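As structure tokens, the structure follows; a few thoughts come after it.
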Amino acid sequence: MSEAVAVHGGVEPAETPLTPESWGKLGMWLFLAGDAMSFGGLIVGYGILRHASKTWPVPAQVLGINLTAFMTFLLIVSSVWMVLALAAIQEGNKARFNKFLGLTILGGAMFLGCQAYEWTHLLGHRLPELKIFFSTDLFATTFFILTGFHGMHVTGGVIYNTCVLAAVNRGRYQAKHVEIAGLYWHFVDLVWILIFTFVYLL
Amino acid sequence: MATTAHSQHNYIKIFIILSVLTVIEVGLTFLGLPKMLLAAMLITLAVWKAALVAMHFMHLKLEKKTLSIVAIIPFVLCVFLILMLLPDIYSH
Numbered sequence: 086m087s088e089a090v091a092v093h094g095g096v097e098p099a100e101t102p103l104t105p106e107s108w109g110k111l112g113m114w115l116f117l118a119g120d121a122m123s124f125g126g127l128i129v130g131y132g133i134l135r136h137a138s139k140t141w142p143v144p145a146q147v148l149g150i151n152l153t154a155f156m157t158f159l160l161i162v163s164s165v166w167m168v169l170a171l172a173a174i175q176e177g178n179k180a181r182f183n184k185f186l187g188l189t190i191l192g193g194a195m196f197l198g199c200q201a202y203e204w205t206h207l208l209g210h211r212l213p214e215l216k217i218f219f220s221t222d223l224f225a226t227t228f229f230i231l232t233g234f235h236g237m238h239v240t241g242g243v244i245y246n247t248c249v250l251a252a253v254n255r256g257r258y259q260a261k262h263v264e265i266a267g268l269y270w271h272f273v274d275l276v277w278i279l280i281f282t283f284v285y286l287l
Numbered sequence: 015m016a017t018t019a020h021s022q023h024n025y026i027k028i029f030i031i032l033s034v035l036t037v038i039e040v041g042l043t044f045l046g047l048p049k050m051l052l053a054a055m056l057i058t059l060a061v062w063k064a065a066l067v068a069m070h071f072m073h074l075k076l077e078k079k080t081l082s083i084v085a086i087i088p089f090v091l092c093v094f095l096i097l098m099l100l101p102d103i104y105s106h
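For the record, the sequence lines run as chains D and W.
One rule links them: number in the working numbering = place in the first sequence (from 1) + 85.
One rule links them: number in the working numbering = place in the second sequence (from 1) + 14.
See the structure below:
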């Protein structure tokens, strides 16, 4: 409890990253740094292929920006629910925690639903109409690799958060575990913000 | 409890900023700006949003510096990767 108040008050960090109680947090950050390099490599590769291509469709004319803007919004809202869930469990308010982590998971699931719809529509109608084929076109290949790699992360996050929800309710996880799960979830949101810009808007 | 209420207020504030920035991003694409200007503006906004998420939702602002160093390394390496690939990009 005192730990929770200290972290949230911004007075002083309750945990130092090199003390045993926060090794989990440091571990998650190291994992995320490695994961960020995977995404970084893919995004840079995408940029170079796009730059080197003679023709490249205007993404906004092929992809549905309105849907993906809504998906961006979903992940941002879901991130906010995650921090509210963390704040709730730090206060010891289990009911409020359950509500907000449940909403976080729902947000992630809705994002995946939108993405499934988007992919189905693109593969079934939009891309064949425009004679863009997944196997031969760099635009389509890079699009599916980047959004797919991110979508797998969201899937992992939804499963992770569901496990955390169950473990907290069985009394096996505390606030610090929720905070670590939160780091992963916000990272997924952060990466989507970048993908949304590079793949959809630019 | 007062501190928690304050931090929740702060989360909602960040949420509103992120939403507004997203609307601005989408809006910018409809203005027909020159390509380079649009790209510069969009990338700035995206990095700004990403930084907001890292600083406030991932609490980097409140953490020890060690974690910020861990977080910044991938970005430095990506910039390095781009620089190393520049000769190839401009040979086309």
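No residue lacks a Cβ here, since even glycine has one placed at the ideal position from N, Cα and C.
Fair warning: this is a prediction, and the values are worked out from it, not measured in the lab.
Report the three-state DSSP secondary structure of residue i (helix, strand or coil).
i                          : result
asparagine 183 (chain D)   : helix
glutamine 200 (chain D)    : helix
isoleucine 217 (chain D)   : coil
histidine 206 (chain D)    : helix
arginine 257 (chain D)     : coil
histidine 262 (chain D)    : helix
phenylalanine 44 (chain W) : coil
histidine 73 (chain W)     : coil
serine 6 (chain W)         : Only positions 15 to 106 of chain W appear in the structure, and residue 6 (chain W) is not among them; the question remains open.
leucine 287 (chain D)      : coil
glycine 95 (chain D)       : With a pLDDT of 46 at glycine 95 (chain D), under the threshold of 50, the modelled position of this residue cannot be trusted, and the question is left open.
glycine 149 (chain D)      : coil
valine 273 (chain D)       : helix
tyrosine 104 (chain W)     : coil
asparagine 178 (chain D)   : coil
proline 144 (chain D)      : helix
aspartate 120 (chain D)    : helix
lysine 78 (chain W)        : coil
lysine 27 (chain W)        : helix
lysine 49 (chain W)        : helix
serine 138 (chain D)       : coil
leucine 159 (chain D)      : helix
valine 90 (chain D)        : Because valine 90 (chain D) carries a pLDDT of 46, less than 50, the predicted location of this residue cannot be relied on, and no value is offered for it.
alanine 16 (chain W)       : For alanine 16 (chain W), the predicted model reports a pLDDT of 43, less than 50, meaning its position is unreliable; a value from the coordinates is still stated below. In this structure, alanine 16 (chain W) counts as helix in the three-state DSSP scheme.
Rounded C-beta distance between residue i and residue j? I'm assuming under 8 angstroms.
i                           : j                           : result
valine 263 (chain D)        : isoleucine 174 (chain D)    : 5 angstroms
leucine 59 (chain W)        : isoleucine 31 (chain W)     : Not a contact, Cβ separation roughly 11 angstroms.
leucine 231 (chain D)       : isoleucine 278 (chain D)    : Not confirmed; about 13 angstroms, so no contact.
glutamate 39 (chain W)      : threonine 282 (chain D)     : 7 angstroms
threonine 288 (chain D)     : tryptophan 108 (chain D)    : Because chain D in this structure spans residues 86 to 287, residue 288 (chain D) falls outside the shown range and cannot be described.
valine 239 (chain D)        : leucine 197 (chain D)       : 6 angstroms
leucine 223 (chain D)       : leucine 134 (chain D)       : 5 angstroms
glycine 236 (chain D)       : glutamine 259 (chain D)     : Incorrect: roughly 30 angstroms between the Cβ atoms, too far for contact.
glycine 125 (chain D)       : leucine 91 (chain W)        : 7 angstroms
alanine 154 (chain D)       : threonine 43 (chain W)      : Not quite, the Cβ-Cβ distance comes to about 10 angstroms (not below 8 angstroms), so this is no contact.
leucine 169 (chain D)       : phenylalanine 272 (chain D) : At roughly 18 angstroms, the Cβ-Cβ gap does not stay under 8 angstroms, so leucine 169 (chain D) and phenylalanine 272 (chain D) are not in contact.
leucine 115 (chain D)       : valine 61 (chain W)         : Actually they do not touch by this definition, with Cβ atoms about 22 angstroms apart.
valine 249 (chain D)        : alanine 194 (chain D)       : Valine 249 (chain D) to alanine 194 (chain D), Cβ: 15 angstroms. No contact.
phenylalanine 229 (chain D) : phenylalanine 219 (chain D) : 6 angstroms
- prompt: Can you list, in chain order, the residues of the segment 272 to 285 of chain D whose Cβ is nearer than 7 angstroms to any Cβ on chain W?
  reply: If the cut-off is 7 angstroms between Cβ atoms, the segment 272 to 285 of chain D has Asp274, Leu275, Ile278, Leu279 and Thr282 near chain W.
query: Can you list, in chain order, the residues of the segment 52 to 63 of chain W whose Cβ is nearer than 7 angstroms to any Cβ on chain D?
result: So the close ones are Ala53, Leu56, Ile57, Ala60 and Lys63.
message: Please list, in chain order, the residues of the segment 131 to 154 of chain D that have any C-beta partner in chain W closer than 7 angstroms.
response: Ile133, His136, Ala137, Ala145, Ile150 and Ala154
message: Output needed in chain order: residues of the segment 153 to 182 of chain D with a Cβ under 8 angstroms from some Cβ in chain W.
response: Ala154, Thr157, Phe158, Ile161, Val162, Ser164, Val165, Met167, Val168, Leu169, Ala172, Gln175 and Glu176
message: Short of 8 angstroms Cβ to Cβ, which residues in the segment 182 to 199 of chain D face chain W?
response: none
- prompt: In chain order, what residues of the segment 83 to 97 of chain W put their CB closer than 8 angstroms to some CB of chain D?
  reply: The residues in question are Val84, Ala85, Ile87, Pro88, Phe89, Leu91, Cys92, Leu95 and Ile96.
task: Using a Cβ-Cβ cut-off of less than 8 angstroms, list which residues of the segment 251 to 262 of chain D approach chain W; keep chain order.
output: none
task: Mind checking the segment 37 to 48 of chain W against chain D and listing, in chain order, the residues whose C-beta falls within less than 7 angstroms of any C-beta there?
output: Under the 7 angstroms Cβ criterion, the segment 37 to 48 of chain W contributes Glu39, Val40 and Thr43.
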